[in-house]
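Have a look at the structure below before the remarks.
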């Protein structure tokens, strides 16, 4: 996500950035988050863990797709 933040900063403040070299493969952050969630859910269930907190957090994230909502 840092690449996205840096890119947004550059676009808003071109007078403050001479150059930026970003290395990353963010194609679809939304799709990446969905795949990560599904993988984590599958691993939790396979380990016999209770995934209810993870499921609640993901539902909250779907309502507010921001980095901040992931940290709560």
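In the numbering used here, the protein residues as written are 13 to 84. Backbone N, C-alpha and C fix where the C-beta goes; we use that ideal spot for every residue, glycine too. These figures come from a predicted structure and were not determined experimentally.
{"query": "Helix, strand or coil at residue 30 [DSSP, three-state]", "result": "coil"}
{"query": "Proximity of residue 56 and residue 63 at Cβ, strictly below 7 Å", "result": "yes"}
{"query": "Nonlocal neighbours in the same chain, by C-beta distance under 8 Å from residue 22, ignoring five residues either side", "result": "29 and 32"}
{"query": "Alpha-carbon spacing of residue 67 relative to residue 78, whole angstroms", "result": "17 Å"}
{"query": "Delimiting residues of the alpha helix (DSSP H) encompassing residue 75", "result": "64–75"}
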